[in-house]
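Comments concern the structure below.
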Amino acid sequence: MANEIANRNNDWFGFPADPFFNDDWDLFSRNFPAHRTLTNMLTDVKESKDKYEVAVDIPGVDKNKINIDYHNDELKVSYHNEKTNEEKDKEGRLIHSERKFGSFQRIYTFPDINPEKIAAEYKDGVLHITLPKVSAESKNTKRIEIK
2 MANEIANRNN DWFGFPADPF FNDDWDLFSR NFPAHRTLTN MLTDVKESKD
52 KYEVAVDIPG VDKNKINIDY HNDELKVSYH NEKTNEEKDK EGRLIHSERK
102 FGSFQRIYTF PDINPEKIAA EYKDGVLHIT LPKVSAESKN TKRIEIK
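Once you know that position 39 of the sequence shown is 40 in our numbering, the rest is easy, because the numbers rise by one and skip nothing.
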């Protein structure tokens with residue numbers, strides 16, 4: 002099952018060439034590590050016999066701004082974050098202002114999941130998602146009669 006999620010190979014330079022964790026800015030972010038932490042949702046995925054456990058680093062984001070959707074074997078984690086920081090002097094005049102805006106998403110493929118039992122928790126800047134697998138007994142198999 003793990004091979005369905007990620008086919009791990011190495012590219013010419015020894016970096017993992019993994020479509021599961023593919024990043025369009027990968028070459029850029031290798032040279033500028035700060036860029037990687039700002040634009041990626043760094044992820045750990047664990048697979049056991051009956052479930053997948055996903056941990057996504059999303060520090061500093063209000064959990065109400067995080068969206069999780071599961072459709073057609075795809076888990077989509079996204080968020081939109083806005084932060085404004087203003088500093089004023091004693092008279093109330095603005096002396097410094099910063100704004101940060103960002104929308105990010107990652108899509109992961111997980112086959113044979115029971116979507117009704119997916120659970121998520123956001124704690125200490127890490128989003129934990131549990132995706133229970135569909136048991137072999139519960140998969141609907143129907144023999145088709147040939148006429």
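Quick reminder that beta carbons are idealized off the backbone N, C-alpha and C, glycines included.
Residues bridged to residue i [DSSP beta-bridge criterion]
{"i": "F105", "result": "Y80"}
{"i": "S98", "result": "E87"}
{"i": "E122", "result": "H129"}
Distance between residue j and residue i (C-alpha atoms, nearest Å)
{"i": "F111", "j": "L43", "result": "17 Å"}
{"i": "G103", "j": "I145", "result": "50 Å"}
{"i": "S79", "j": "V62", "result": "11 Å"}
{"i": "L128", "j": "V55", "result": "8 Å"}
{"i": "G126", "j": "N73", "result": "28 Å"}
{"i": "H81", "j": "E117", "result": "25 Å"}
{"i": "D58", "j": "R107", "result": "12 Å"}
{"i": "S136", "j": "K64", "result": "31 Å"}
Residue i and residue j closer than 9 Å at C-beta
{"i": "K66", "j": "T85", "result": "no"}
{"i": "A89", "j": "D113", "result": "It should be noted that the sequence gives Lys, not Ala, for residue 89. Against a cut-off of 9 Å, the Cβ pair of D113 and K89 comes out as no contact."}
{"i": "S98", "j": "E83", "result": "no"}
Residue i classed as buried or exposed, judged by whether at least 16 other C-beta atoms fall within 10 angstroms
{"i": "L95", "result": "exposed"}
{"i": "I119", "result": "buried"}
{"i": "W26", "result": "With a pLDDT of only 46 at W26, under 50, the local geometry of the prediction cannot be trusted, and the value read off the model is given with reservation. It counts as exposed."}
{"i": "K124", "result": "exposed"}
{"i": "I147", "result": "exposed"}
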